[in-house]
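Read the structure below first, then the notes.
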Amino acid sequence: TVGCVVVDSQGHCAAATSTGGLMNKMMGRIGDSPLIGAGTYACDLCGVSCTGEGEAIIRGTLARDVAAVMEYKGLGLQEAVDYVIRNRLDGGGKAGLIAVSSKGEVACAFNSVGMFRGCATEDGFMEVGIW
Amino acid sequence: MGGWAIAVHGGAGVDPDLPRERQEEARNLLTRCLNIGISALRSSLPAIDVVELVVRELETDPLFNSGRGSALTEKATVEMEASIMDGPGRRCGAVSGITTVKNPVSLARLVMEKSPHSYLAFSGAEEFAKQQGVETVDNSYFITEDNLGMLKLAKEANSILFDYRIPLESCGAAVENPQLQMNGLPISVYAPE
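As structure tokens, then:
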């Protein structure tokens, strides 16, 4: 699975996710990536793209939950991302997500061994990581 | 108002024993995609255009599990899916069961912008792709030797592997460590799938 989240200079957020799914999956299996609110979400507050065990991400409506805890609990972006990864993946599901906020912040979190990721902000910060 | 920001990912199922050269390849691709997004943002492209542009690049490169290099079904074919969402107005588009469209994320965007729906799948999505004239290729374009090898190992292990690239020599580990879990359950639970 691959994904990208962006907030532009107008403060507008967007998210996109694309995948081949799981190796050896059944024909017709749908994962989290195309499900708005599960693998992908964007609103006025943030943009989110998820990856990992699709069935767990769907059950946890992971992407929408980042926006929801920002909206209803007033959490900041990194707090919201950490909260969702820590509390919404039941049954030991493994996943990761990247997110941006309309304030120009970027965040990521994962509970798997690693996540291929990169991020950059206008003030010059840039990071590429795996573990 | 803060400035612009961008993040990309290439999947969360990373094999702990990923060889160093594979790690390097992944870092280079992620850096290249970040730079594509950064120069687009510096040219004041809107966020929705930038996410589509970057994901297209990731779909085209066979390294990660999307587009060319996608994971294979139990029948050794490729069925891809993608979605895109624009924060302002919460507009969105999604596709599933895509077998011939070179860049599924662009078809998802067309669903958002050129159809009255937000999600099209399988034959309906392929029909819409033809109407919209998006680039299509044979399903074999998406299949790589690496993934054929991994599918073979997944079948031998009677399991479903997350979307990680594991070198053939260590995939045997998936067979040896039966405690491999998925959704907190032994992976063998999914064997029937």
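Residue numbers (my numbering), protein chains in the order written: chain P, 1 to 131; chain L, 1001 to 1193.
Backbone N, C-alpha and C define an ideal beta-carbon position, used for all residues, glycine too.
Which residues in chain P sit within 7 Å of residue i, going by Cβ to Cβ distance?
| i | result |
| --- | --- |
| L/Val-1078 | Gly-20 |
| L/Asn-1065 | Thr-1, Thr-19 and Gly-20 |
| L/Leu-1194 | Any property of residue 1194 of chain L remains undetermined from this structure, which presents chain L solely from 1001 to 1193. |
| L/Pro-1104 | Ser-18 |
| L/Lys-1114 | What L/Lys-1114 touches in chain P: nothing, since even the nearest Cβ is about 17 Å away. |
| L/Ser-1062 | Reading off the sequence, residue 1062 of chain L comes out as Pro, not Ser. Residues of chain P passing the Cβ test: none, with the nearest at roughly 11 Å. |
Give the interface partners of residue i over in chain L, defined as CB-CB distance under 9 Å, in chain order.
| i | result |
| --- | --- |
| P/Thr-61 | Per Cβ cutoff of 9 Å: no residues; P/Thr-61 is ~14 Å from chain L at best. |
| P/Arg-117 | Ala-1007, Val-1008, His-1009, Gly-1010, Ala-1012 and Leu-1030 |
For a contact defined as C-beta to C-beta under 8 Å, what are the partners of residue i on chain L?
| i | result |
| --- | --- |
| P/Asp-123 | Gly-1003 |
| P/Gly-31 | Glu-1081 |
| P/Ile-130 | Val-1014, Leu-1018, Gln-1023, Ala-1026 and Arg-1027 |
| P/Ile-98 | Ala-1007, Val-1008 and His-1009 |
List the whole-angstrom C-beta distance separating residue i from residue j, where the pair is believed to meet the contact cut-off of C-beta under 8 Å.
| i | j | result |
| --- | --- | --- |
| P/Cys-50 | P/Ile-57 | 5 Å |
| P/Phe-116 | L/Phe-1064 | 7 Å |
| L/Ser-1070 | L/Phe-1128 | Their Cβ separation, rounded to whole angstroms, is 20 Å, which puts L/Ser-1070 and L/Phe-1128 out of contact at 8 Å. |
| L/Thr-1136 | L/Lys-1102 | 7 Å |
| L/Thr-1100 | L/Asp-1138 | 7 Å |
| P/Lys-73 | L/Thr-1073 | P/Lys-73 to L/Thr-1073, Cβ: 40 Å. No contact. |
| P/Asp-82 | P/Arg-59 | P/Asp-82 to P/Arg-59, Cβ: 19 Å. No contact. |
| P/Val-106 | L/Arg-1027 | Contact flag wrong, Cβ pair sits at about 18 Å. |
| P/Gly-104 | L/Trp-1004 | 7 Å |
Short of 8 Å in beta carbon distance, which residues of its chain neighbour residue i, apart from the five on each side in sequence? Order them along the chain.
| i | result |
| --- | --- |
| L/Cys-1092 | Ser-1083, Ile-1084, Met-1085, Asp-1086, Met-1112 and Ser-1118 |
| P/Lys-22 | Lys is not the amino acid found at residue 22 of chain P; the sequence shown has Leu there. Excluding positions up to five away in sequence, the list reads Arg-29, Gly-31 and Gly-54. |
| P/Met-70 | Leu-45, Cys-46, Gly-76, Leu-77, Ala-80 and Ser-101 |
| L/Pro-1167 | Any answer about L/Pro-1167 is weak, because its pLDDT of 33 lies below 50 and its placement is not dependable; what the coordinates show is given next. Asp-1015, Asp-1017, Leu-1018, Pro-1019 and Arg-1022, listed in sequence order. |
| P/Cys-13 | Val-5, Val-6, Val-7, Ala-42, Cys-43, Asp-44, Leu-45, Cys-46, Gly-47, Val-100, Ser-101 and Ser-102 |
| L/Gly-1002 | none |
| L/Leu-1058 | Val-1008, Gly-1010, Leu-1029, Cys-1033, Phe-1064, Ser-1066 and Gly-1067 |
| L/Ile-1006 | Leu-1034, Gly-1037, Ile-1038, Leu-1041, Val-1050 and Val-1054 |
| P/Ser-9 | Glu-122 |
| L/Ser-1170 | Any reading at L/Ser-1170 must be qualified, since the residue scores a pLDDT of 39, below 50, and its modelled position is unreliable; no value is offered. |
| P/Ser-112 | Gly-52, Lys-94, Ala-95 and Gly-96 |
Excluding the 5 residues flanking residue i on each side, which residues of the same chain have their C-beta closer than 7 Å to its C-beta?
| i | result |
| --- | --- |
| P/Ile-130 | Gly-114 and Phe-116 |
| P/Cys-4 | Ala-16 and Ser-49 |
| L/Tyr-1164 | Residue placement at L/Tyr-1164 is flagged as unreliable, the pLDDT there being 43, under the threshold of 50; the coordinate-derived value follows with that caveat. The answer, listed in chain order, is Gly-1011, Gly-1013, Val-1014 and Asp-1015. |
| P/Val-139 | As displayed, chain P neither begins before 1 nor continues past 131, which places residue 139 of chain P out of reach and without an answer. |
| L/Glu-1052 | Ile-1084, Val-1105, Ser-1106 and Arg-1109 |
| L/Ala-1076 | Leu-1148 and Leu-1151 |
| L/Gln-1132 | Leu-1110 and Lys-1114 |
Excluding sequence positions up to five away, which residues of its chain have a Cβ less than 6 Å from the Cβ of residue i?
| i | result |
| --- | --- |
| L/Asp-1061 | Leu-1029 |
| L/Gly-1097 | Glu-1079, Ala-1121 and Phe-1122 |
| P/Val-2 | Ser-18 |
| P/Ala-120 | Met-126 |
| L/Ala-1108 | Ala-1082, Ser-1083, Ile-1084, Gly-1093, Ala-1094 and Val-1095 |
| P/Gly-93 | Glu-53 and Ala-56 |
So residue i contacts chain P; which residues on that side make the cut at Cβ distance below 8 Å?
| i | result |
| --- | --- |
| L/Gly-1124 | Under the 8 Å cutoff, chain P gives no residues; its nearest Cβ is about 13 Å from L/Gly-1124. |
| L/Glu-1052 | Ala-16 |
| L/Glu-1059 | Val-2 and Ser-18 |
| L/Ala-1154 | Met-23 and Asn-24 |
| L/Leu-1034 | Gly-118, Cys-119, Ala-120, Met-126 and Val-128 |
What residues of chain P sit near residue i, judged by a beta carbon separation below 9 Å?
| i | result |
| --- | --- |
| L/Tyr-1119 | Pro-34, Leu-35 and Ile-36 |
| L/Lys-1075 | Met-27 |
| L/Met-1150 | Met-23 and Asn-24 |
| L/Ser-1039 | Neighbours of L/Ser-1039 on chain P: none; closest Cβ ~11 Å, over 9 Å. |
| L/Val-1095 | Pro-34 |
Since residue i meets chain L, which of its residues come closer than 7 Å, beta carbon to beta carbon?
| i | result |
| --- | --- |
| P/Tyr-41 | Met-1085 |
Quiz item: Mind pulling the alpha helix (DSSP H) runs of 4 or more residues that sit fully within the stretch 42-83 of chain P?
Solution: Qualifying alpha helix (DSSP H) stretches, in chain order: 54-60 and 62-73.
Quiz item: What are the complete beta strand (DSSP E) segments, minimum 3 residues, inside the stretch 1048-1109 of chain L?
Solution: At a cut-off of 3 residues, the continuous stretches assigned as beta strand (DSSP E) that sit fully inside the stretch 1048-1109 of chain L are 1080-1086 and 1091-1098.
Practice problem: With a floor of 4 residues, list each alpha helix (DSSP H) that falls wholly inside the stretch 1119-1167 of chain L, ordered by position along the chain. | Solution: Those alpha helix (DSSP H) runs which fall completely within the stretch 1119-1167 of chain L and span 4+ residues are 1122-1132 and 1145-1156.
Exercise. Mind checking the stretch 100-114 of chain P against chain L and listing, in chain order, the residues whose C-beta falls within less than 9 Å of any C-beta there?
Key: Those would be Val-100, Ser-101, Ser-102, Lys-103, Gly-104, Glu-105, Val-106, Ala-107, Cys-108, Phe-110, Asn-111, Ser-112, Val-113 and Gly-114, in chain order.
Quiz item: Which residues, in order along the stretch 65-96 of chain P, keep a beta-carbon less than 8 Å from a beta-carbon of chain L?
Solution: Answer in chain order: Asp-90, Gly-91, Gly-92, Gly-93, Lys-94, Ala-95 and Gly-96.
Exercise. Could you tell me which uninterrupted beta strand (DSSP E) segments, each at least 3 residues in length, are contained entirely in the stretch 80-125 of chain P, listed from first to last along the chain?
Key: Complete beta strand (DSSP E) runs here, min 3: 95-101, 106-110 and 117-121.
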